[in-house]
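In our numbering, the protein residues as written are 2 to 272. Backbone N, C-alpha and C fix where the C-beta goes; we use that ideal spot for every residue, glycine too. Bear in mind the structure is a predicted one, so any value in this text is a computation, not a measurement. Worksheet: the structure to be examined is printed underneath.
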């Protein structure tokens, strides 16, 4: 049974007795958030969902009590726990099964580790990883976490945040000097992220662990508002950042195209 068929069967319309209006409105409230709408007030939720202010208040306070939202004066904003819903979605779609062939092929062609990850709090979390067939392997697996500010994938993820979300990230994250090359000030990291946004990729050397490097690109997964990124990690030896970009960026772009194509194929599978 295809992922698309499973989704279709599981989304049949409930009858009136089965429909939980409060649950539906709560999920709709979470769906109001996006990169362009990082915070919402009670009045804004009431207006957008066409419900009373009292109902909107109960929904937002319930979501805050469950840990999915955080209240900041009049504003309510999502917490990293919202990503739990995204992980459940990715699992239901068998994300590794969808992208593993692409990552495996890229890892074989470039001879390095290839990964997809998302931002969770101050860290990146790996959703899918494929190792090249070589003696030296990175001791990381799906679900592993690394500090975003010191990793090429993390910088590709942070580059997708708006100004307010980035300031919130910096407020909760200690920029520790993991190596002599780690960016440890907000100003330096913001300059790096500005360059990443402009050029459309990130490249990092010796910032997390000396001797290791990576090249990464933002990855817009269809039907997901959460920022994702695709990366190649390696022991860089004597290769310069320019050499690594020239060698790996075309492979990352091609993998991105193929991954998006696989999602489209799932969506178009007849029910």
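Separation of residue j from residue i, as counted between CA atoms
i           : j           : result
residue 234 : residue 129 : 13 Å
residue 34  : residue 82  : 14 Å
residue 154 : residue 207 : 14 Å
residue 52  : residue 80  : 24 Å
residue 197 : residue 31  : 29 Å
residue 58  : residue 46  : 9 Å
residue 216 : residue 240 : 12 Å
residue 98  : residue 115 : 15 Å
residue 102 : residue 72  : 42 Å
residue 112 : residue 182 : 25 Å
Counterpart residues of residue i in DSSP-defined beta bridges
i           : result
residue 204 : 216
residue 118 : 127 and 230
residue 42  : 76
residue 146 : 126
DSSP state of residue i mapped onto helix, strand, coil
i           : result
residue 236 : strand
residue 72  : strand
residue 79  : strand
residue 33  : coil
residue 99  : helix
residue 251 : helix
residue 179 : coil
residue 67  : coil
residue 197 : helix
Chain-order list of residues whose beta-carbon lies under 8 Å from that of residue i (same chain, five-residue window excluded)
i          : result
residue 76 : 40, 41 and 42
Beta-carbon contacts of residue i that lie in its chain and below 7 Å, excluding the five residues immediately before and after
i           : result
residue 211 : 180
residue 258 : none
residue 44  : 54
Residue i burial status per 10 Å Cβ neighbour count (16 or more: buried)
i           : result
residue 163 : exposed
residue 21  : exposed
residue 23  : exposed
Beta-carbon proximity list for residue i, same chain, < 6 Å, skipping 5 on both sides
i           : result
residue 176 : 150 and 185
residue 219 : 157, 161 and 230
residue 107 : 115, 252 and 256
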